[in-house]
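Residue numbers (full-length UniProt numbering): 1 to 256.
Here a beta-carbon is modelled for each residue, glycine too, at the ideal position from N, C-alpha and C.
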Ligand SMILES: Nc1ncnc2c1ncn2[C@@H]1O[C@H](COP(=O)(O)OP(=O)(O)OP(=O)(O)O)[C@@H](O)[C@H]1O
C-alpha cells in the first residue's frame with residue numbers, strides 16, 4: 001500500500017545553512033504521528049515541504065504516491081498561530097468555509113460547501129456557534145473552529161502545526177481526544193510539544209533536529225514517564241541524544 005507521506009533523501013536550505021539534511025521518512029496511511037524537536041529544529045519547514053509550499057533543495061517528496069501540489073485536495077492543513085483580525089466581523093461559519101476554497105467553484109460557496117462546513121462544525125462540537133463572531137470564541141473553541149476549517153474539504157491527511165498552542169490543559173485534552181477519533185478515518189501528522197498525549201493517542205514520534213528519526217511510541221511508556229517525572233512533563237528535547245535504538249527516557253525527556 002502506498003504511504004500517505006514519503007520523503008526520500010530530502011534536504012532543504014533557506015540560505016546556505018541546511019535546515020533539513022538528507023531526510024528519508026515514511027508515514028503510512030492511518031498513522032497518528034507527532035513531530036517533536038527543539039525550537040528552530042525544522043518542524044514547520046518539514047510541514048511546509050510536505051504541503052508543497054517549498055521545494056526541496058534535493059530529494060523527492062510524495063503524498064499518496066503523487067507530487068504534493070497534485071494531492072492538495074486530499075490534505076487538510078491547520079497552520080501555526082493562525083492570525084484572524086479580531087476587528088474583522090467574520091463568523092465562525094465564514095472561517096470554516098475558507099476550508100472549501102480549494103473545492104468551491106467560482107466566487108460563491110455552493111450548498112455542498114455549506115453542508116460540508118456545518119458537518120465539520122458538528123464534528124468539532126461547535127454546531128451551535130456557527131453564526132457567532134469568531135472573535136467571541138474561547139481559545140480552545142477557536143482552535144476547534146480552525147480544525148473544522150481543515151476538515152471541511154474531507155481530507156485523508158490532516159497536517160497540524162501546534163493545534164494546542166495557547167489553550168488550557170482541559171481544552172488541550174479534548175482536542176487530542178477529537179484528533180484520536182478523527183484518526184479512525186484519516187492519517188494525522190501533528191507538530192506538538194505536548195508529550196503527555198503520546199502514549200494515549202500517538203502511534204509514532206518523528207524527531208526533527210536538522211536530521212529526522214522516527215520512533216514507535218511503544219518506546220515511550222506514558223505511565224512510566226509520569227511516575228518518574230510527575231504531571232509536569234510536557235516537552236521532548238532532542239538536543240543530541242536521539243538514536244536509532246530509540247529514546248532513553250532518562251536521557252531525552254526533561255521538564256520544560
Ligand atoms: N523564511 C525563512 N527564511 C530563512 N530562515 C528561516 C525561514 N523560516 C525558518 N527559518 C529558519 O529555519 C530554521 C527552522 O525553522 P522552523 O520554523 O522550521 O523550526 P521549528 O522546529 O518549527 O521551530 P519552532 O519550534 O520554534 O516553531 C530556523 O533556524 C529558522 O530561523
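Can you tell me which residues form a DSSP beta bridge with residue i?
i	result
residue 161	191
residue 63	5, 66
residue 12	20
residue 26	6
residue 207	36, 213
residue 263	As displayed, the chain neither begins before 1 nor continues past 256, which places residue 263 out of reach and without an answer.
residue 133	91
Please confirm whether any heavy atom of ligand 1 lies closer than 8 angstroms to the CB of residue i.
i	result
residue 114	no
residue 39	yes
residue 23	no
residue 52	no
residue 43	yes
residue 57	no
residue 14	yes
residue 101	no
residue 46	yes
residue 80	yes
residue 19	yes
Apply the 10 Å Cβ neighbour rule to residue i and answer buried if 16 or more other Cβ atoms are within range, or exposed otherwise.
i	result
residue 248	Because the pLDDT of residue 248 is 37, which lies under 50, any placement of that residue in the model is unreliable, and the question is left without a value.
residue 144	buried
residue 142	buried
residue 65	exposed
residue 53	exposed
residue 17	exposed
residue 185	exposed
residue 228	Unreliable positioning characterises residue 228 in this predicted model, as indicated by a pLDDT of 31, which lies under 50. The coordinate reading is nonetheless provided below. Flag for residue 228 reads exposed.
residue 70	exposed
residue 88	exposed
residue 172	buried
residue 113	buried
What residue does the beta strand (DSSP E) around residue i start on, and which one ends it?
i	result
residue 33	32-36
residue 138	Looking at the DSSP string, residue 138 is not in any beta strand (DSSP E), and its letter there is neither H nor E.
Could you please give the first and the last residue of the uninterrupted alpha helix (DSSP H) stretch that includes residue i?
i	result
residue 96	92-97
residue 174	169-182
residue 117	111-123
residue 55	Where residue 55 is concerned, there is no enclosing alpha helix (DSSP H), given that its DSSP letter is neither H nor E.
residue 43	43-51
My understanding is that residue i touches residue j, with C-beta atoms under 8 angstroms, so please give their C-beta distance in whole angstroms.
i	j	result
residue 208	residue 46	6 angstroms
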